[in-house]
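Q: Have a look at this one before I ask anything.
Number of protein chains: 2
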Amino acid sequence: MAVTRLDPWFDSYAERTHGMSASVIRALFSVASRPEVVSLAGGMPYVQALPLDALADTVQRLVRDRGASALQYGSGQGDVRLREQILEVVEKVGISCHPDDIVVTCGSQMALDLVTRVFCNPGDVVLVEAPSYVGALGVFASYQCEVRHIAMDSEGLAPDALLASLDELTRQGRRAKLLYTIPSFQNPSGVTQSLERRRAILQIAQEAGLLVLEDDPYGLLGFEGEPPTALRAWDDQSVIYLGSFSKTIAAGLRVGWAIAPHGVRERLVLAAESAVLCPSNFAQLTVSEYLATQPWQEQIKAFVELYRERRDALVQALQATMPMGTTWTVPQGGFYSWVTLPPGLDATAMLPRAISGRVAYVPGTGFFADGQGARQLRLSYCYPEPARITEGVRRLGVVVEEELALQETFGSPAAAGQSGGSKAQVAVPGPEIG
Amino acid sequence: MAVTRLDPWFDSYAERTHGMSASVIRALFSVASRPEVVSLAGGMPYVQALPLDALADTVQRLVRDRGASALQYGSGQGDVRLREQILEVVEKVGISCHPDDIVVTCGSQMALDLVTRVFCNPGDVVLVEAPSYVGALGVFASYQCEVRHIAMDSEGLAPDALLASLDELTRQGRRAKLLYTIPSFQNPSGVTQSLERRRAILQIAQEAGLLVLEDDPYGLLGFEGEPPTALRAWDDQSVIYLGSFSKTIAAGLRVGWAIAPHGVRERLVLAAESAVLCPSNFAQLTVSEYLATQPWQEQIKAFVELYRERRDALVQALQATMPMGTTWTVPQGGFYSWVTLPPGLDATAMLPRAISGRVAYVPGTGFFADGQGARQLRLSYCYPEPARITEGVRRLGVVVEEELALQETFGSPAAAGQSGGSKAQVAVPGPEIG
């Protein structure tokens, strides 16, 4: 109540605003950004690997020769040449569409916001993988959606669990507005849906008249073979596909996109114009120029090699140092591995001690809307160099060993209720844990 | 209904989405963009006047030397150095604040969206000048606000009308969440609040506990004397101030900001992170580098000279060519003059004939939420060169003369109800009429 009184406008806020809260974890992350801490928390792409000199020359040329366009307002739907170039990018995940089907957004986070804005009334049900992307959970919370989690297994979202959830909704006389899924190299689990699994999920959605929101920021960052085929490749009416240049070019440009069925696309454009008028021409034309003049496919291969090496460093270090009873996923692409601690441990309660031990991660509960994930945590290998990853995991191993020793002495902190504080709290994402 | 059936997801949209509609006017503007049409419609700044070579070199240096930051995710609140530099900009309108009070947004349109998101439940009342910025009306409509217009006179928003509206709300047992005002060189009216008027409005707001949303994109673009003092200069608790680099540097960068009381600012940051994760570091650091290394204040003076010359061309042409009974405002800064046609004419009904006559404007009804403005229209002088402005107004004069002749022959189209179609329709803004 003391806090309330300090803010004279507290009683004026909209209902949705009272649900917005900064994660308690965020305060810890300001400590975690100290150089002595190895952060395995952030999802920052390693943009240092870009050809910065070439990109600098590209941008210089753009502003000098086409500044009058690059610095001006543009269309709410996004630059038409860039939308044509996006066709080449999404072809790699099997999508064939028309530039008119694409809406360019200020990062794919904005596309997530717009889709939810266009579809979801307060109280509407959204089906979401368990665990899922913090930023999506934040958007669903800010539109006051009811998130129902669908279990995953080693092949991703489980069709049986999806069917059971749909049956339960039908029994309750309700329906889901969206199924939100990250089929490839999922954040945070690192799991990828098999092709067979994708077909099964899509068929269930089609039969149920369920709209699929397919989020695919990592699709081109697979370590083996061809990029997995997107669900959108098989169905242009039941799927909204979200893509991003944040991980294949640079996150600081904030350029993403949505591919949507015609009527939905029209509404996304109207919502986008209300939200930001238009995406930045400066950023869009920079991406467009880069795609047109630089070897962007070779650059993606270079990123893949770099991330594969870091994934290997992470997995080897986990094998070498983590105590018995700890498990983790071995991602075939993307940025993340999902770790399950030995029974009785609590990743949120352990975090301050990990940061004292100079290593940071994101506790699992943040990736669920319902308080699951107390024993779990996400490790990112995208940003630190391999030797740092190895050292970070070594430190984490020491912290987990100490937790186990404490548990043996004093009993389980989870059983003692220490994890209760973070339960069922959906915090708004910080960019640092994207 | 036929349209409905074509979109399989029509029944899935949120309530707010059914209120979003593309303006009928927008179809006309795709015609108006032909080179033979003189467009006095768009609010595009004349970015060609920027020192493009110097800006190109600035951006090149930024990406080459600080690419790892410029291309990376940033903070949700915005770059701290840029926020410090914004202090120097807002000092010119009398504002003294702390970098922590500032939230950087993807253009000030996004700040409008975030403020409304944080404060307004469906049905909440927002007080808005009559007429007002299309993009703000679009945001208020998309959050299902009830807009109540407050009359303006030659000194801007009328205190008596504001008091009357507040009294009416009190009688109805209701309150307003926000008063939205553009005190300087208002869009679309071109009117500027006197200092006395600003004091009076602020005092009323303070006494009523009413939060003021002050939108100030044109404040530094005055043709005479010092920039008008912002309301925020006198009160850091009752005013949220919105600023933008769109008109003082370049619209294509999409960098604006909000200055807000502490508790509000915290919530704006959370809402911003949910909406876009973070504003573009690439655009922000470009602005920051430009401010640090280029003579930005001299450049604003150059813009002011250019816009003053165009304002003069517009006003002289109006005096020379418009039929009796036509009136217009003479703006002391900014981009717009507000024209009232002779009685009986309808600016919306006239628009197709104006475009046939190779001149375009924005009809007045778009700047009201309640169907006012049928006899009015907005002329922008910011983008075309003076000779084009003169020719455009000459063409407009011919069209108005023809309308008057038609009216004499067939009676008033307004009286015949031809303007009914556009009443009370709030369309989402297109960037072309920003």
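Note that the protein sequences, when read in sequence, are chains A and B.
Under numbering that gives the first Met the number 0, the first residue of the first sequence carries the number 0, and numbering increases by one thereafter.
Under numbering that gives the first Met the number 0, the first residue of the second sequence carries the number 0, and numbering increases by one thereafter.
Every residue, glycine too, gets a C-beta built ideally from N, C-alpha and C.
Bridge partners for P362 of chain A per DSSP, in chain order?
A: DSSP lists A:L376 as partners of P362 of chain A.
Q: Starting from the Cα of Q283 of chain A, find the closest Cα among A:R65, A:V36, A:S38, A:Q47 and give me that residue.
A: Residue A:R65 is the option with its Cα nearest to Q283 of chain A.
Q: Which whole runs of the alpha helix (DSSP H) in the segment 8-82 of chain B are 4 residues long or more, in chain order?
A: Here the runs fully enclosed are 14-17, 23-31, 51-69.
Q: Residues of chain A with a CB under 9 Å from the CB of P260 of chain B: which are they?
A: By Cβ distance, chain A contributes D6, P7, W8.
Q: Taking E297 of chain A as part of the alpha helix (DSSP H), name the residues at either end of that continuous run.
A: Where E297 of chain A is concerned, the enclosing alpha helix (DSSP H) stretches over 295-320.
Q: Taking just the CA atoms, how far does G242 of chain A sit from A110 of chain A?
A: So the alpha carbons of these two residues sit roughly 9 Å apart.
Q: For the segment 160-178 of chain B, which residues have a beta carbon sitting closer than 7 Å to at least one beta carbon of chain A?
A: The residues in question are K176.
Q: Can you look up L219 of chain A in the DSSP assignment and give me helix, strand or coil?
A: DSSP places L219 of chain A in coil when its eight states are reduced to three.
Q: Please name the residue, chosen from B:L86, B:P50, B:V117, that lies closest to E14 of chain A on a Cα-to-Cα basis.
A: Of the listed residues, the one whose Cα sits closest to E14 of chain A is B:V117.
Q: Name the DSSP beta bridge partners of W233 of chain B, please?
A: BP columns for W233 of chain B are empty, so no partner.
Q: Per DSSP, V102 of chain B forms a beta bridge with which residues?
A: According to DSSP, V102 of chain B bridges with B:A257.
Q: Expressed to the nearest angstrom, what Euclidean distance is found between the alpha-carbon atoms of V238 of chain A and F9 of chain B?
A: Approximately 15 Å between the Cα atoms of the pair.
Q: Compute the Euclidean distance between the alpha carbons of L61 of chain B and L54 of chain B, then round it to the nearest angstrom.
A: Roughly 10 Å between the two C-alpha positions.
Q: Spell out the partners DSSP gives E213 of chain B in its beta bridges.
A: B:T180, B:Y240.
Q: Sort out for me which residues DSSP pairs D152 of chain A with in a bridge.
A: Per DSSP, A:G155.
Q: Please classify L156 of chain A as buried or exposed, where buried requires at least 16 neighbouring CB atoms within 10 angstroms.
A: When all chains shown are included, L156 of chain A counts as buried.
Q: Checking contacts by CB at 7 Å: is E384 of chain A closer than that to chain B?
A: By this cut-off, E384 of chain A is not an interface position.
Q: With a cut-off of 8 Å, do at least 3 Cβ pairs link the segment 189-199 of chain B to the segment 162-178 of chain B?
A: Because the criterion of three Cβ pairs below 8 Å is not met, the segment 189-199 of chain B and the segment 162-178 of chain B do not touch.
Q: Where do the ends of the alpha helix (DSSP H) carrying S336 of chain A lie?
A: Here S336 of chain A belongs to no alpha helix (DSSP H); instead the beta strand (DSSP E) covers 335-339.
Q: With a cut-off of 8 Å, do at least 3 Cβ pairs link the segment 96-106 of chain B to the segment 274-291 of chain B?
A: With the cut-off at 8 Å, the segment 96-106 of chain B and the segment 274-291 of chain B touch.
Q: Are the segment 31-47 of chain A and the segment 391-401 of chain A in contact at 8 Å, needing three or more beta carbon pairs?
A: Output reads yes: the segment 391-401 of chain A touches the segment 31-47 of chain A.
Q: Relative to the alpha-carbon of P227 of chain A, which residue among A:R82, A:V89, A:R63 has its alpha-carbon at the smallest distance?
A: Comparing Cα positions, the closest option is A:V89.
Q: Given a threshold of 16 other Cβ atoms within 10 Å of its Cβ, counted over all protein chains shown, does V409 of chain B qualify as buried or as exposed?
A: Just to set this straight, residue 409 of chain B is Phe in the shown sequence, not Val. That one is exposed.
Q: Between the segment 46-70 of chain B and chain A, which residues of the former have a C-beta closer than 7 Å to a C-beta of the latter?
A: So the close ones are V46, Q47, L49, L51, D52, L54, A55, D56, V58, Q59, V62, R63, G66, A67, A69, L70.
Q: Is it right to say V427 of chain B is buried, meaning 16 or more other beta carbons lie within 10 angstroms of its own, or is it exposed?
A: Confidence at V427 of chain B is low in this model, with a pLDDT of 48, below 50, so its placement is unreliable and no value can be given for it.
Q: Return helix, strand or coil for G332 of chain A, following the three-state DSSP convention.
A: Correct three-state label for G332 of chain A: strand.
Q: Roughly how many angstroms lie between the CA atoms of P330 of chain B and R231 of chain A, to the nearest whole one?
A: P330 of chain B and R231 of chain A: Cα-Cα distance of roughly 52 Å.
Q: Please confirm if the segment 179-196 of chain A is in contact with the segment 120-134 of chain A, defined as three or more CB-CB distances below 8 Å between the two stretches.
A: The segment 179-196 of chain A, when compared against the segment 120-134 of chain A, does touch it at the 8 Å Cβ threshold.
Q: Considering only the beta carbon of each residue, do P278 of chain A and G77 of chain A sit closer than 7 Å?
A: A contact, by the Cβ cut-off of 7 Å.
Q: Below 8 Å on the Cβ atoms is my guess for S336 of chain A versus Y306 of chain A; work out the distance and round it to an integer in Å.
A: Not quite, the Cβ-Cβ distance comes to about 12 Å (not below 8 Å), so this is no contact.
Q: List, in order along the chain, the chain A residues whose C-beta lies closer than 8 Å to that of A21 of chain B?
A: Neighbours of A21 of chain B on chain A, chain order: E265, L269.
Q: Measuring only between beta-carbons, confirm whether Y72 of chain B sits less than 7 Å from chain A.
A: Output row for Y72 of chain B: interface = yes.
Q: Contact criterion: CB-CB distance below 7 Å. Does Q205 of chain B meet it with respect to chain A?
A: Not closer than 7 Å to any Cβ of chain A, the Cβ of Q205 of chain B fails to qualify, so no.
Q: If contact is defined by three or more beta carbon pairs under 8 Å, each pair taking one atom from either stretch, is the segment 294-301 of chain A in contact with the segment 136-153 of chain A?
A: Segments in contact, no.
Q: What residues of chain B sit near F281 of chain A, judged by a beta carbon separation below 9 Å?
A: Within 9 Å Cβ-Cβ: V58, A249, G251, L252, R253, S279, F281, A282, T285.
Q: Express the C-alpha separation of E407 of chain A and T115 of chain A in angstroms, rounding to a whole number.
A: Distance between the alpha carbons of T115 of chain A and E407 of chain A: 46 Å.
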